[in-house]
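Residue numbers (my numbering): -14 to 148. Note that CB positions come from ideal geometry on N, CA and C, so glycine has one too. Since the structure is predicted, the reported quantities are computational estimates derived from the model, not experimental observations. Right, one structure below, let's go through it.
Written out as structure tokens, the structure reads:
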């Protein structure tokens, strides 16, 4: 009787078990059309969210270094004078390299909109060329993690960079 109870308890677990990869809303899966094939993750099955530790933003020179890069390289002279939020979300791997960039654009009421491609193209290219990402660590080992930058665009110019 004890064996039958044990089998009845374990059978659903065996029959309905799924792969060890956890799927979460917002995962950035590989897209062969846009992502680099040579971008290596230490653990494809577990990419940490940016908020999983208390270390916050991890970039050499901190946020000010990123703001300086955009100030030097972003050209607002050849874009439409639009107002929008632009979010670029991506993965930083355990080696401090980034890829799998995804863009969302919204108006100031957070409604999805399309904006001038010259704005998003520049923001994406500058973000892709940021080379100071610091690998995060968890329990003594380096980890892959999601990161994002949000740009407040006002009259076609970068008004603010978050976080």
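- Here residue 121 is buried, its C-beta having at least 16 other C-beta atoms within 10 Å.
- In the three-state reduction of the DSSP assignment, residue 126 falls in the strand class, which pools E and B.
- Here residue 135 carries a strand assignment [DSSP, helix/strand/coil].
- In this structure, residue 142 places its C-beta atom within 8 Å of the C-beta atom of residue 61.
- Bounds of the alpha helix (DSSP H) holding residue 49 are 47 to 58.
- Residue 147: not part of any alpha helix (DSSP H); member of the beta strand (DSSP E) spanning 142 to 147, first to last residue.
- Judged by pairs of C-beta atoms under 8 Å, the segment 116 to 132 touches the segment 79 to 93, as three or more such pairs exist.
- Only buried fits residue 51, as 16 or more other CB atoms lie within 10 angstroms of its CB.
- Assignment of alpha helix (DSSP H) within the segment 72 to 127, counting only whole runs of 4 or more residues, yields 102 to 113 in chain order.
- Out of 134, 145, 130, 144, the CA that lies nearest to the CA of residue 31 is found in 130.
- Comparing alpha-carbon positions, the option among 108, 119, 56 lying closest to residue 134 turns out to be 108.
- For residue 100, the closest C-alpha among the options 145, 58, 66, 144 is that of 66.
- With fewer than 16 other beta carbons inside 10 angstroms of its own, residue 19 counts as exposed.
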